[in-house]
Amino acid sequence: PRHSIRDTRGSATTDCRKYIFNYRWCSTRSTHFWSTKKKLNQMVDMSLFFAGAISSFVSIIMSIFIYTFLFTP
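Quick note on the numbering used here: the sequence shown kicks off at 14 and runs consecutively.
As structure tokens, then:
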């Protein structure tokens, strides 16, 4: 009986260690996921900003081109 108790204790401690390791791993994974999500959101914001700037720039150039094309004799 002593041997079985020892075995169960050993399994319990290993399970606890595994659980702690898994919890740590999961927490680090979640923080990593959230940081990557934040970075992705920042990248999307930047790309949208650049896309808007480029589109406005292109529209300005096109309007200038059209004006010069229309109003030059």
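Glycine included, C-beta positions come from ideal geometry on N, C-alpha and C.
- Query: Where phenylalanine 84 and isoleucine 67 are concerned, what is the direct C-alpha to C-alpha distance, given to the nearest angstrom?
  - Reply: Looking up residue 84 in the sequence shown gives position 71. Looking up residue 67 in the sequence shown gives position 54. When rounded, the distance between both Cα atoms is 25 Å.
- If you draw a straight line from the alpha carbon of histidine 45 to that of methionine 59, how long is it in whole angstroms? Residue numbering aside, residue 45 sits at position 32 when the sequence shown is read from its first letter. Residue numbering aside, residue 59 sits at position 46 when the sequence shown is read from its first letter. Spanning the two alpha carbons is a distance of roughly 21 Å.
- Which of the three DSSP states, helix, strand or coil, is assigned to threonine 85? Mapped onto the sequence shown, residue 85 falls at position 72. Threonine 85 falls in the coil class under three-state DSSP.
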